[in-house]
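To start, the structure itself, in structure tokens.
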Amino acid sequence: MPLDTRTIAQDRLNIGNKARSNLFPWNGQFSPQLIEALLTTYASTGAFVLDPFLGSGTVLHEAGRLGHPAFGSEVNPAAFKMALVYRFLNVKVATRRNAIEEADELLQDILPSSPSLFSPQSKRQAAPIQQAITDAVLSAESPLPKILLESLVVLLNFGDKELTAAGVQKAWGGLRDTLLTLPFSEAAIDLANCDARALPLADASADIVITSPPYVNVFNYHQQYRKSVEALGWNLLEVAKSEIGSNRKNRGNRFLTVIQYCIDMTAVLMELRRACKPSARVVMVMGRESNVRKTRFFNGEIMATLAARSAGYCFASRQERVFQNRFGEKIHEDILHLTPHPITGPLTPPSIIAREVMTAARARAPEESIADLTGALEKLDEIQPSPMYSRDAALSARPSRKKKEVV
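Read in full-length UniProt numbering, the sequence shown has 65 at position 65, and its numbers run on one by one without any break.
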């Protein structure tokens, strides 16, 4: 399908004039100005916005700013804890201040009990600070202060660098400032730590979906803020099992991940079909290419094919955006616009699409990768979906330290 270069100016899609940044640090997150451009162009007044791959919550923030009700889902605990702060979009400033004061009291009550807060730090001395802040989270009884303290733990990124009293105060001050500058919205903003294949929404709820789904061989997102999240009691080995497209999967033969990705994303597309109104627009922003064993895969093409042939969507339009990453590389992203099309005939199983994708990839695979690619094709019918994410399992006891497991 040809590019739509008229509906939104290319410079606006490319964020040629960057005026705002994300409120929380998270790899691979949307630019808030891109979401603003998409919402102001495609979402009608009061439209219900859905983001099934929420990340740190940019879509919720932009929806709240523009007065849209919105819902997001996310399996990653670190991203989810940051995104929870956007629940304060529905909270008046006076109540926000009360939550800040309660959280501040808990921090002041607990942190002074650790003498290392007020003495020169070393890596060994960071542990008492970490434990003290984690204790503050556990002692929080009210939900709003608890959200703030859990977000603080994540943002401190335990183990990343030396943790000092000054560092804690700086992070806490930044979080408080963020909270107080959030706009207030009457439109409901909500989110859940759940799988995108099983959304807690009624049928025909969403008017528009704006999301950046995972790609093939995607970055291991569960590694971000890992020690902080584990300090809060999460079992990241369980979380990682449900990460769609993750490059930690199928390490014996990474091409198997391509097959599983097709199966998983078809399940997501079918769940979005259920949760969306028949008139809904599904907007997916995807990096154009992924690389598996030096073999290129085209994410947008894979998604468009799955949507049309395995999930019954109509491919409405396509846009692109181009930007330069921090390494000076020019990155291309496809913006796919899909609409739920009435299903009138049989759908193609995603495993068939996966076979087509893998067969086409063989022509551009280096010689060293052909054997694995062929082996993956031979096992195609054996591949199962990624396990459905279970919050209860993810909050179970952490893995034993006796046996080191690679995540």
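All residues carry an ideal CB built from backbone N, CA and C; glycine is no exception. Remember, it's a predicted structure, so these values are computed and weren't measured experimentally.
Taken in chain order, the complete alpha helix (DSSP H) segments of 4 residues or longer contained in the stretch 146–197 are 165–181.
Bounds of any alpha helix (DSSP H) do not take in E243, whose DSSP letter is neither H nor E. DSSP, reduced to helix, strand and coil, places K227 within a helical segment of the structure shown. Residue ranges of uninterrupted beta strand (DSSP E) with 3 or more members, entirely inside the stretch 313–356 and ordered along the chain, are 313–324, 330–340. Under the DSSP assignment, F71 falls in the beta strand (DSSP E) whose first and last residues are 70–73. Under the three-state reduction of DSSP output, G287 falls in the strand class. Sixteen is the threshold: since fewer than 16 other Cβ atoms of the shown chains lie within 10 Å of the Cβ of H332, the residue is exposed. Taking S390 as reference, the option from A198, T266, P143 with the minimal CA-CA separation is A198.
Between Q260 and S386, the C-beta gap is smaller than 8 angstroms, which places the two residues in contact. Per DSSP, T295 is one residue of the beta strand (DSSP E) stretching across 295–298. Sequence-distant Cβ neighbours of P77 in its own chain, meaning closer than 6 angstroms and more than five residues away, are V229, W234. The Cβ atoms of S351 and T295 lie no closer than 8 angstroms to each other. By the beta-carbon neighbour count (other beta carbons within 10 angstroms, threshold 16), L60 is buried. Here DSSP, grouped into helix, strand and coil, assigns I383 to coil.
Going by DSSP, A79 is part of the alpha helix (DSSP H) stretching over 77–83. Secondary structure of A136 (DSSP, three-state): helix. Rounded to whole angstroms, Y313 and D4 show a C-alpha spacing of 18 angstroms. One thing to note: A37 has its Cβ no nearer than 8 angstroms to the Cβ of L54.
Secondary structure note for V49: it is in no alpha helix (DSSP H), and the uninterrupted beta strand (DSSP E) holding it is 49–51. Between the alpha carbons of R318 and E141 lies a gap of roughly 48 angstroms.
Note that the stretch 302–312 touches the stretch 336–349; at least 3 beta-carbon pairs, one per stretch, sit closer than 8 angstroms.
Here the C-alpha atom of L89 lies approximately 48 angstroms from the C-alpha atom of T359.
Between the stretch 153–166 and the stretch 187–207, the count of Cβ pairs shorter than 8 angstroms is below three; the stretches do not touch.
In this structure, D392 lies away from A280, with their beta-carbon atoms at least 8 angstroms apart. For I263, the uninterrupted alpha helix (DSSP H) segment begins and ends at 255–275. Closest option to P340, judged by alpha-carbon separation, among I383, M270, N291: M270. Residue environment analysis places M1 among the exposed positions, since fewer than 16 neighbouring C-beta atoms fall within 10 angstroms of its C-beta.
When Cβ pairs closer than 8 angstroms are counted between the two stretches, the stretch 320–337 is seen to touch the stretch 285–294, the count reaching three or more. Under DSSP, I210 shares a beta bridge with V283. Spanning the alpha carbons of L107 and L144 requires a straight line of approximately 14 angstroms. The three-state secondary structure of V91, taken from DSSP, is coil. DSSP places L34 in the uninterrupted alpha helix (DSSP H) bounded by 32–42.
DSSP places L3 in the strand class (E or B) of the three-state scheme. Contact check for K227 against G159 passes: the beta carbons are separated by less than 8 angstroms.
A94 and L180 have their C-alpha atoms roughly 9 angstroms apart. Relative to S21, the option among A47, Y42, T58 whose CA is nearest is T58.
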